[in-house]
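**Student:**
If you want it as structure tokens, here you go:
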């Protein structure tokens, strides 16, 4: 009986790990479908923190038909504007300081 319980437990752990790994890859793929680059290094003015919603978000909505836009900040002040086609994620720029 002890051996059967151990086998079932091991199988359950592998199944759970498989589901977790599958879900993580699905989330990454979904991000790639949702976020499309507006166009190169757009500069600070596109994502200026004091403007809300940012010019990035406004132009993504107006010109690309997206639901919003977010700014990604890189090294040496490089800024990318990503149009969000899946949800309204038009941040001010302050909370979106992720590097690319």
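Numbering (mature numbering (1 follows the signal peptide of the UniProt record, and there is no 0)), first residue to last: -29 to -1, 1 to 71. No residue lacks a Cβ here, since even glycine has one placed at the ideal position from N, Cα and C.
Compare the C-alpha of residue 8 against each of 22, 26, 23 and 31 and name the closest.
**Tutor:** 31
**Student:** Here's a check: name, in chain order, each residue in its chain whose Cβ is nearer than 8 Å to the Cβ of residue 10, leaving out the five neighbours to either side.
**Tutor:** 52
**Student:** DSSP state of residue 7, grouped into three classes?
**Tutor:** strand
**Student:** According to the Cβ coordinates, are residue 6 and residue 17 closer than 8 Å?
**Tutor:** no
**Student:** What is the DSSP secondary structure of residue -22, reduced to helix, strand or coil?
**Tutor:** helix
**Student:** Counting along the chain, where does the alpha helix (DSSP H) carrying residue 35 start and finish?
**Tutor:** 26 to 35
**Student:** Do you know offhand how far residue 47's Cα is from residue -14's?
**Tutor:** When rounded, the distance between both Cα atoms is 42 Å.
**Student:** Hey, residue 14 and residue 38 are a contact pair by Cβ (cut 8 Å); roughly how many whole angstroms apart?
**Tutor:** The pair is not a contact, with the Cβ atoms about 23 Å apart (cut-off 8 Å).
**Student:** In whole angstroms, what separates the C-alpha of residue 49 from that of residue 42?
**Tutor:** 10 Å
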